[in-house]
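In this note's numbering, the protein residues as written are 2 to 140.
Glycine included, each C-beta is placed from N, C-alpha and C at the ideal position.
These numbers come from a predicted model, not from an experiment.
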Amino acid sequence: MQPGATGQDLSPNATLHREAPGARVRVFDPALCCSSGVCGPEPDAALIRFAADLDWLRSSGVPAQRHNLGQDPGPFAAEPLVRRRLGTRGMGCLPMVLVDGEVLTEGRYPTRAELEARLAEQARRTRGKDTATSGEVMP
């Protein structure tokens, strides 16, 4: 049988989504003219890399939202954790990336490896909760 003949998506991205099915990523950017990193006279390599990593996450089926303080300030006020960190650290805490409401990074963008590691950790937690509530014994 050829890969994919079962109708399953066998790509690494599909595996990521299956392993962390409920994961959600939220990015709180400082005020930026654009999130791609290619605007202005000198492109920002970190923004370009991170934009590609978010595209990768989305193509994996992991919901990822991005909020720009200059264009979309409402979510900054509505998210208690972000609001508290802004109150204590000021703008130095941005960018802040949350995975399922927990801080992954603040003051910098995470690497793809950090995103993968946190999503794998979330998947282990989810599997542990599912196993604990199903009455099965965890290994």
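Subject >> Whole beta strand (DSSP E) elements within the stretch 97–125, 3-residue minimum >> reply: 97–100, 103–107
Original post:
For Gln72, which residues does DSSP report across the bridge?
Top reply: Position 71 of the sequence shown, counting from 1, holds the residue named residue 72. None, per the DSSP bridge assignment.
Original post:
What is the rounded straight-line gap between the Cα of Arg59 and the Cα of Ala65?
Top reply: Counted from its first residue, the sequence shown places residue 59 at position 58. Counted from its first residue, the sequence shown places residue 65 at position 64. Whole-angstrom Cα-Cα distance: 6 Å.
Original post:
Which residues bound the alpha helix (DSSP H) around Val83?
Top reply: What you label residue 83 is simply residue 82 of the sequence shown in a count that begins at 1. Its alpha helix (DSSP H) spans residues 81–90.
Original post:
What do you reckon, are the CB atoms on Leu95 and Pro31 nearer than 7 Å?
Top reply: Here residue 95 is taken as the residue at index 94 of the sequence shown, counted from 1. Here residue 31 is taken as the residue at index 30 of the sequence shown, counted from 1. Yes; because the gap between Cβ atoms is below 7 Å, this pair is in contact.
**OP:** Write down the C-beta distance between Val28 and Arg67 rounded to the nearest angstrom, noting that I regard them as a contact closer than 8 Å.
**Re:** Locating residue 28 in the sequence shown gives position 27, where the first residue counts as 1. Locating residue 67 in the sequence shown gives position 66, where the first residue counts as 1. Contact flag correct, Cβ pair sits at about 4 Å.
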